[in-house]
């Protein structure tokens, strides 16, 4: 036999291999080959399977393979556990690759179940049916996306220009610091500066509840004008399609010297208006002998010419305008001049025509502040809602506050019902119709109705509305359709699966009637196994749920626990899309209950009837090995007496019940039963109104038997994997405790 000593599980190259020709039991082999020279704890594997010490008295065959693995201890004095670190890495890698491989082999449904099972094995917080949300905000967002999110990042909170970035999609009711849809620009009128900003609120329609500058309602600023532009409507407050020459930076105009030319608009663009901003920062005056201010004048000239996309001149310079301005004031003077031109690409230059008065008593300087080109205004900006703001510079508005524009809005989405189909967009916070929008929209999955289980969504919408479960969140960083749907569904204690080409949303909710019943008669021999996930020192005793509060519009958290638990080792989760404390508490309690009460993982194989249940379905498992009732077949019927294939265990003084597998594979209700003449006979007070089949043309009717509450184990399906002519089912024990909130 081959014997392997693994002293260092992190470096298998250091393993030692021996070949033993003597007949010894496992305990003698461990002593003979000194498998743990440093007295470290170790475990034994026989042909790849762990072997408990109580079985070390067996003598392996000469063809067997035995491995002894020493377990590393400690963490270098720092309190860490290297094996736990490796396990965490393995879980992350396995969760990614196992899910992908399973999806390829069995479809998206089985792939999701495979990834769930891996997560269960490695997480401190156990929840097999609906995996727990991310343990930190960085899992809901990539770290780079989180840092730059204009709404969710406290450091970067404000309006941003993200060229080529993601157009935000908002669902529910939420605050948003909208991105710029075009580069902001300024213009002057009557010596007042106006800042023009165009923002994207969201894809699709929305209802604007409030617009604010930082924390102050915009109605408090008389100097601000705004308009809300719905999808496919025109912007009327100003021309948003304006480009600026970056080279202009306040150059002074002097006589006989040209400043420029500067190219106004980029390649492959055309403009039909040129704007010039000039500033006399010290004013324009002459301090006379009487102590007053006398009028001074300045003259300058603006010239332009057309160029091609390579920057080559197409004609000579021509005069756009010769301007004269006179004043007697010592305050800054700011002016904008607009010139209409033929469509084209231009470069512009400027010069002063008069001599500058350099006297200390005169303010006689002029500076070229900016050069702008106006392109034709696009008819519309497509399927997005815009916020258009024009604000006059005053003491109330600073340059910093002008980039703190935010709005509280509620997204409008279409709803569906089986009578009238799709509605017009309406303001709502629905989880169901946010999912539908993601799957159907042009910026989403673009799926037809036939690929979405709309009737299921309609029913779930009623459930979520009655519970007060909503999704209020913004997708402002790149993500996949499936990830987005999963995050929205998680707020409703649900997840998406792909079944027969149709997207379904499965919610973890109480079910009373099992979809299928499995007994030793239809469970393939030697395929039944149970894994008990035992709590350890790393098991969470409470859950700390982080959410984005709609009360303060910032992150908050709440700690939830079961009534008899402590809060010494909370698991941290981020419930993206949750903005309500009560909602967060409900989900936190649900996760705590799942963590405690769902710790039996059952796997077995059956024939093609295993395709009847789907993810999240309730099934009944009867197995005498676990004392989960008794099962068998009904052999014959005599009046109200049933002759059964098994001898039943009748407990004196207790009530007994029997259930049957129906023709569609589901489980019937329980019927009171009393003992007949022998243990294999059960007498019913009345016969059921469905057929109990005892013939030979097909399978006889299966039964489940036991005392009240102990007829079978109820379990939730978390995996269905076809394997040729058989099907493997993975499930977790059901518990009513998880549905108390």
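Numbering (my numbering), first residue to last: 6 to 746.
Note that CB positions come from ideal geometry on N, CA and C, so glycine has one too.
Which of helix, strand or coil does DSSP assign to residue i?
i, result
"residue 709", "strand"
"residue 369", "coil"
"residue 304", "strand"
"residue 359", "coil"
"residue 465", "helix"
"residue 12", "coil"
"residue 90", "With a pLDDT of 41 at residue 90, under the threshold of 50, the modelled position of that residue is not reliable, and no figure is offered here."
"residue 429", "coil"
"residue 33", "helix"
"residue 389", "strand"
"residue 621", "coil"
"residue 492", "helix"
"residue 610", "strand"
"residue 741", "helix"
"residue 408", "helix"
"residue 184", "strand"
"residue 615", "helix"
"residue 84", "Because residue 84 sits at a pLDDT of 43, beneath the cut-off of 50, its placement in the model cannot be relied upon, and the point is left open."
"residue 536", "strand"
"residue 455", "helix"
"residue 422", "strand"
"residue 441", "helix"
"residue 165", "coil"
"residue 223", "helix"
So, are the CB atoms of residue i and residue j less than 7 Å apart?
i, j, result
"residue 496", "residue 523", "no"
"residue 203", "residue 346", "no"
"residue 356", "residue 231", "no"
"residue 620", "residue 548", "no"
"residue 439", "residue 493", "yes"
"residue 326", "residue 303", "no"
"residue 390", "residue 207", "yes"
"residue 265", "residue 372", "no"
"residue 388", "residue 525", "no"
"residue 697", "residue 639", "yes"
"residue 717", "residue 625", "yes"
"residue 173", "residue 481", "yes"
"residue 457", "residue 489", "no"
"residue 341", "residue 282", "yes"
"residue 527", "residue 611", "yes"
Quick one: using the 10 Å Cβ neighbour count with 16 as the cut-off for buried, is residue i buried or exposed?
i, result
"residue 162", "buried"
"residue 102", "Because residue 102 carries a pLDDT of 32, less than 50, the predicted location of this residue cannot be relied on, and the following value inherits that uncertainty. Residue 102 should be labelled exposed."
"residue 58", "exposed"
"residue 606", "buried"
"residue 138", "buried"
"residue 741", "exposed"
"residue 513", "buried"
"residue 573", "exposed"
"residue 63", "exposed"
"residue 719", "buried"
"residue 454", "exposed"
"residue 649", "buried"
Tell me where the beta strand (DSSP E) around residue i begins and ends.
i, result
"residue 516", "Element bounds for residue 516: n/a, residue is neither H nor E."
"residue 265", "264-268"
"residue 434", "Counting along the chain, residue 434 falls outside any beta strand (DSSP E), and DSSP gives it neither H nor E."
"residue 593", "Taken as a continuous stretch (DSSP letters only), residue 593 belongs to no beta strand (DSSP E), being part of the alpha helix (DSSP H) at 586-602."
"residue 638", "635-643"
"residue 349", "338-349"
"residue 283", "276-285"
"residue 577", "575-579"
"residue 447", "Note, residue 447: premise wrong, no beta strand (DSSP E); not H, not E."
"residue 249", "247-249"
"residue 214", "210-218"
"residue 475", "Here residue 475 belongs to no beta strand (DSSP E), and DSSP marks it neither H nor E."
"residue 559", "559-565"
"residue 234", "229-234"
Compute the beta-carbon to beta-carbon distance between residue i and residue j, rounded to the nearest angstrom, for a pair I have assumed lies under 8 Å.
i, j, result
"residue 333", "residue 370", "15 Å between Cβ atoms; not a contact."
"residue 603", "residue 131", "7 Å"
"residue 667", "residue 519", "About 10 Å separates the two Cβ atoms, so there is no contact after all."
"residue 183", "residue 196", "With 8 Å as the limit, residue 183 and residue 196 do not qualify as a contact, their Cβ atoms being about 30 Å apart."
"residue 571", "residue 546", "5 Å"
"residue 73", "residue 133", "With 8 Å as the limit, residue 73 and residue 133 do not qualify as a contact, their Cβ atoms being about 32 Å apart."
Ends of the alpha helix (DSSP H) at residue i?
i, result
"residue 291", "Unbroken run through residue 291 is the beta strand (DSSP E), 290-292; no alpha helix (DSSP H)."
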